[in-house]
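Accompanying notes for the structure given below.
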Ligand code: KOT
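Numbering (UniProt numbering), first residue to last: 21 to 848.
In structure tokens form, the structure reads like this:
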């Protein structure tokens, strides 16, 4: 039972407390109160962490009434909500975003100054919640931001990992991982609700029983854990709305260890508890390559079971008629990680609520939609039936029945085509019996979407081709987007101010209005102002890199940025070969250092700890950096900067400083990319392949404002089919050969010629991602960059046009697309 036992009589108790006033005095008062009563310290004795926590709690107070009001409003309206199911939310720091959403930035700054404190210093105290690996998790964070800003009822459901993405450092140029104890200094942004905990079962077996003449099945699990929800505010921008992100934390149940305690086996009881709590202990650091580990499946089922039960029992309540479920919720599956939600909802409807199978399936099918984020075959999740059946025996039975019914449908549509039936089966026997989660998601989802036009096309034409033939109406595209609040307003206050001074402030929630900047590309004063903005961003990034990593950004350099996970398909090695080749050309006297366009290449990248080749590539980047950064022959005209531990906070600092954005994946493999959008919207020009959302960026900004190179996806397919032999490129291209030979010479490894042999040999002999095939084209595109950058005015025009023409890439637009095409929900 929740809620007061008798109706309130006191007038003040009938409504949520009033929001504190939007004034410096009021702010200071709340802040000091929070310091004293929340932290138990006086200002004079407080630490920076005390001050940060009190400040966060102060801002929280300004959001609280809005949060309570938003929840009440949604509940009363009875409208359809989005349940965004995502195993990752890469949120980034919260304080700045909360200040922006509430328009309290200046008030807070002055209030802190009045207390003798520096707002920037307190903001720097916040440890970012790194509850995601990369693009997929950051996208989820952008989407919930947009939905709150658009006033759409949405609950983001996910996992409260005790340890987020690992902290990266470099030792002798090699990546070393450390745990990320992000909660250690206290987390002022979360609200635990143990009273709303949910039990989650695992293991055991199923049995049938007679229920008054009806044969039913039930699951008899043999262990369970409890999910404790932690609520986070998701503030809308300047709209008085605050949505909820609900992250689940695993706790041992009492039943779990009571028997063991009673038997006197205390160490075993404690071990059992640790076992339960391991479920949400740590984020899996794989990106685009799932690891088939039992604990990972436990995580997936854990958060999804908690979330569905939470929505049905707490949000809708016991009296709700689940026939109407599709009118109240659509669960968006952020890739296949939450797909086990499908059999879970079926289990609830059939086993617990006693729906007929067909009716339950009709309901379930309307409640899910699936977003696919990859095309890499090795990234498509499959679970061995042995494991799934051991952990979730009832779910496996349900999946088998879904599959059997589905395959009957295939047979009816394609009589006699048993090969097709085998190809489409959710359960595959090749090589071992396993469940193909993308197929399950496709069968269950009302819609299946890719994340950029090209990707959606390839999804329907290749990976899920048979499904597209069966149900063409299911397949759709929603090109990704990014939130302008974090990635323009917060990250780039200088650009934001220039835009607002020019257009007014409406662009922040209506990003297509950036198009109105277009004529200003012709205005020399505006161009000068635009360059000053870039200059300020570079100085700021430089200050950050100096303080954080001891890295100097030389003034006047072209800032060339490649920031993304380290993955062979993304081709950091291609970027590196460009740098090595320039170096080699200077060493060999082919060009003089003075002919180089002064340039700093900034890398930011984490490698999955178990991805050996990616870690070797990190080592090579650092090795090349330490040689060229100190070689006087380059006269300081070429530099590599590789700050460790690239994360959202660092991205916000680097992106505004970029002149050139590297989006150089092998065509057909980067589903969308979102860094490409962030960089273009901050006035960087893209050098890129025809891949992912690059295709749409180029179409919008125009060929003349984009440096295209490399094979197209059909060319990649054709080259692969005709037999790709990378060594031919090495043998026929002297520049490429010289660059690879320089790496093999040992110059970057103190004379050790073997140090980077695995990388070179992998490129020469296999080169799965066709780095060598695209090398020449990339070098030529970089020459065009060099030439274009030399003309400052023309470059500035191009940069302005990139900003003006990329309004499409707002996540507000993406959310609009999902609402119209997939969710059929609207603002209330
Ligand atoms: C991870 C594990 C399994 C399947 C897919 C992934 C995945 C895909 N993780 N991140 N992605 C990226 O998602 C972004 C958002 O859609 C895309 O922009 C990017 O191209 C994907 O690589």
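For every residue, glycine included, the Cβ atom is placed at its ideal position computed from N, Cα and C. Note that the structure is predicted; figures quoted are calculated from it, not measured.
In this structure, the CA atom of residue 324 is about 27 Å from the CA atom of residue 480. Annotated three-state conformation of residue 247 is strand, per DSSP. Shown in chain order are the residues whose CB sits closer than 6 Å to a heavy atom of ligand 1: 154, 155, 156, 159, 307, 308, 310, 355, 393, 394, 399, 471, 500, 690, 691, 692, 693, 694 and 712. Distance from the CA atom of residue 462 to the CA atom of residue 444, rounded to whole angstroms, is 10 Å. In this structure residue 585 is in contact with residue 154, their Cβ atoms being roughly 5 Å apart against a cut-off of 8 Å.
Residues 500 and 694 of the same chain have their beta carbon placed closer than 7 Å to that of residue 159, with the five preceding and five following residues left out of the count.
In the DSSP assignment, residue 632 falls within the unbroken alpha helix (DSSP H) covering 632-648. Under DSSP, residue 681 takes part in a beta bridge, and its partners are 581 and 706. Residue burial is scored here from C-beta neighbours: residue 525 has fewer than 16 other C-beta atoms within 10 angstroms and is therefore classed as exposed. Beta bridge pairing from DSSP links residue 230 with 235. Checking the DSSP bridge columns, you'll see residue 262 partnered with 255. Residue 174 sits in a strand when the DSSP states are folded into three classes. With a 10 Å radius around the Cβ and a threshold of 16 neighbouring Cβ atoms, residue 807 comes out exposed. Counting only runs of at least 4 residues, the segment 690-753 fully encloses the following alpha helix (DSSP H) elements, listed from N- to C-terminal order: 695-701, 714-721, 733-742 and 746-752. Per DSSP, the continuous beta strand (DSSP E) segment holding residue 191 begins and ends at 187-191.
At the C-beta level, residue 830 and residue 537 stay beyond 8 Å of one another.
Using a C-beta cut-off of 8 Å, the segment 338-354 makes no contact with the segment 307-314, since fewer than three inter-stretch Cβ pairs fall below that distance.
Between the C-alpha atoms of residue 244 and residue 447 there is a straight-line separation of about 27 Å. A straight-line Cα-Cα distance of about 20 Å links residue 82 and residue 137. Shown here, residue 619 sits in a strand according to DSSP, grouped into three states. For residue 155, the three-state secondary structure derived from DSSP is helix. Residue 825 carries a coil assignment under DSSP once its states are collapsed to helix, strand and coil. Contact between residue 698 and residue 848 is absent: CB atoms are separated by about 30 Å, not below the 8 Å threshold. Shown here, residue 81 sits in a helix according to DSSP, grouped into three states. The segment 396-448 is shown to contain whole beta strand (DSSP E) runs of 3 or more residues at 402-404, in chain order. Around the CB of residue 282, fewer than 16 other CB atoms lie within 10 Å, so the residue is classed as exposed.
In the structure shown, residue 194 falls within a strand segment according to DSSP collapsed to helix, strand and coil.
Residue 771 and residue 645 have their C-alpha atoms roughly 16 Å apart. Straight across, the Cα-Cα distance linking residue 269 with residue 730 is about 45 Å. Proximity to residue 795 across 655, 597, 841 and 710 peaks at 597, based on C-alpha coordinates. For residue 456, the three-state secondary structure derived from DSSP is strand. The continuous beta strand (DSSP E) containing residue 103 extends over residues 101-105.
Relative to residue 182, the option among 189, 194 and 202 whose CA is nearest is 202.
Taking C-beta atoms as the reference points, residue 783 and residue 746 count as a pair closer than 8 Å. In the three-state reduction of the DSSP assignment, residue 482 falls in the helix class. Between the beta-carbon of residue 621 and that of residue 580 there is about 5 Å, and that keeps the pair under the 8 Å contact cut.
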